[in-house]
Amino acid sequence: KKPVLFLADRIVLRNQAYNTFAPFVTGQADPRAVIEGGKFNSHRDLYFALYQSLDSDEDGEPLFKRIPSDFFGLIIIDECHRSGFGKWKDIFQHFPDAIQLGMTATPKQSESIDTYSYFCAEEPEVPLDAENLSKGVWRPPAYTYSLGQGIGDGFLATYKIHKVRTSVDKDGFHVRDAQRQGVEIYVPESTELRDVYQTPQFEREITLPDRTQALVHHLAGLLRRFGPTEKTMVFCVDMEHARLVARLLQNEFASLGYADYAVPIISEEGEANVWLERFQDSDRKTPIVATTAELLSTGVDVPACRNIVFMKTVASPIIF
Numbered sequence: 591k592k593p594v595l596f597l598a599d600r601i602v603l604r605n606q607a608y609n610t611f612a613p614f615v616t617g618q619a620d621p622r623a624v625i626e627g628g629k630f631n632s633h634r635d636l637y638f639a640l641y642q643s644l645d646s647d648e649d650g651e652p653l654f655k656r657i658p659s660d661f662f663g664l665i666i667i668d669e670c671h672r673s674g675f676g677k678w679k680d681i682f683q684h685f686p687d688a689i690q691l692g693m694t695a696t697p698k699q700s701e702s703i704d705t706y707s708y709f710c711a712e713e714p715e716v717p718l719d720a721e722n723l724s725k726g727v728w729r730p731p732a733y734t735y736s737l738g739q740g741i742g743d744g745f746l747a748t749y750k751i752h753k754v755r756t757s758v759d760k761d762g763f764h765v766r767d768a769q770r771q772g773v774e775i776y777v778p779e780s781t782e783l784r785d786v787y788q789t790p791q792f793e794r795e796i797t798l799p800d801r802t803q804a805l806v807h808h809l810a811g812l813l814r815r816f817g818p819t820e821k822t823m824v825f826c827v828d829m830e831h832a833r834l835v836a837r838l839l840q841n842e843f844a845s846l847g848y849a850d851y852a853v854p855i856i857s858e859e860g861e862a863n864v865w866l867e868r869f870q871d872s873d874r875k876t877p878i879v880a881t882t883a884e885l886l887s888t889g890v891d892v893p894a895c896r897n898i899v900f901m902k903t904v905a906s907p908i909i910f
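Residue numbers (this note's numbering): 591 to 910.
Take a look at the structure:
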């Protein structure tokens, strides 16, 4: 029986998988190992690594080349839709005898053409449109599991949608009208103002603090109504926006007495990584709200999370 390698592109995903296999540890015997560099321990059953670590230079050659090409029997590639096939293909091709299983919950063939062509190379071709063969063919994944199946089987939660639209989202932000009303607009040098800004530009091209404050206040009202201590994930436009939303929510619920009621989780380093581990831990009460930009968008498991909030436009139904 050959060992298994679990590959990821983010520390949080690697560590999450590593911790999931903790029940397999018996006494002093731990079948797991993280590949991070240095001397390779060849006496484990389960290995966990980042692409970046395997491709790092060790004494003049990539780390993965120090591992025998026939060492692994199975390689699991997490979030394979963003596996960067062009960049990491040398790693895959170094282990040609291993079964290579690519997994993703956010597939989009048009954005992952190389990835699909690689992982689905042995699948039979089927028409893109059975009624119009001129559209060509493609090779579908070996196995698919739909959102409906996941909900029906109890692995995924059902959900209700609550939409919020401020007046400025509905009508747009008209610069001249705002100036006539005495609104102060700070314009950096070499920046050309639009006449009108719409929702996709908010917090990207123009910052509207009052709008963010209004959205946070409305969210706070919903949390008070449905449970202020229910874990909540808030997706923001960027890191600065995530910091602001966390600060405003912390102020909204200051009376609860939690110093870390709402925290920004925008990186995998330092304090943010500690907050992420605590947020994922269902037995820990805080942090209750995690604000983020992209870090938590795919692959991160938070079983206790009850609310997902988008304070940004989301054009992709797959990401949603």
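Every residue gets a Cβ at the ideal spot worked out from N, C-alpha and C, and that includes glycine.
Going by DSSP, Gln690 is part of the beta strand (DSSP E) stretching over Ile689 to Gly692.
At a Cβ-Cβ threshold of 9 Å, Phe900 and Phe825 count as neighbours.
Around the beta carbon of Lys902, 16 or more other beta carbons sit within 10 angstroms, so the residue counts as buried.
Annotation: Asn897 to Lys821 spans about 7 Å, alpha carbon to alpha carbon.
The three-state reading of DSSP puts Leu813 in helix, counting H, G and I together.
As a beta-bridge residue in DSSP terms, Val594 pairs with Leu636 and Leu664. Counted as a single uninterrupted DSSP element, the alpha helix (DSSP H) harbouring Met829 occupies residues Met829 to Glu842. Residue pairing for Ile741: DSSP places it in no beta bridge. Each of Ala844, Ala852 and Gly847 was checked against the Cα of Arg833, and the nearest Cα belongs to Ala852. For Asp647, the secondary structure class from DSSP, reduced to helix, strand or coil, is strand. The Cβ atoms of Val624 and Ala639 lie closer than 9 Å to each other. Shown here, Arg622 sits in a strand according to DSSP, grouped into three states. When the five nearest sequence neighbours on each side are left out, the beta carbons in the same chain lying within less than 7 Å of the beta carbon of Ile856 are those of Met829, Ala832, Ala862, Thr882, Ala883 and Leu885, in order along the chain.
Between Ala688 and Ile665, the CB-CB gap stays under 9 Å. Only residues of its own chain outside the window of five on either side were considered, and among them none has a CB closer than 8 Å to the CB of Val773. Non-local C-beta neighbours of Phe745 in its own chain, meaning closer than 6 Å and more than five positions away in sequence, are absent. Residue pairing from DSSP places Val824 in a beta bridge opposite Thr881 and Val899. Residue range Ala852 to Pro854 is occupied by the beta strand (DSSP E) that includes Ala852. Between Pro730 and the set Gln739, Cys710 and Gly742, the nearest pair of CA atoms involves Cys710. With a cutoff of 9 Å on beta-carbon distance, Asp850 and Arg868 are scored as near each other.
Annotation: Tyr641 to Gln769 spans about 51 Å, alpha carbon to alpha carbon. Non-local beta-carbon contacts of Asn631 in its own chain, meaning distances under 8 Å to residues more than five positions away in sequence, involve Ala623 in chain order.
Looking at the DSSP output, Tyr787 sits in a beta bridge with Phe763. Here Ala732 is near Glu713, since their CB atoms are less than 9 Å apart. With fewer than 16 other beta carbons inside 10 angstroms of its own, Gly860 counts as exposed.
The three-state secondary structure of Phe792, taken from DSSP, is strand.
Look at Val602 here: in three-state DSSP terms it is helix.
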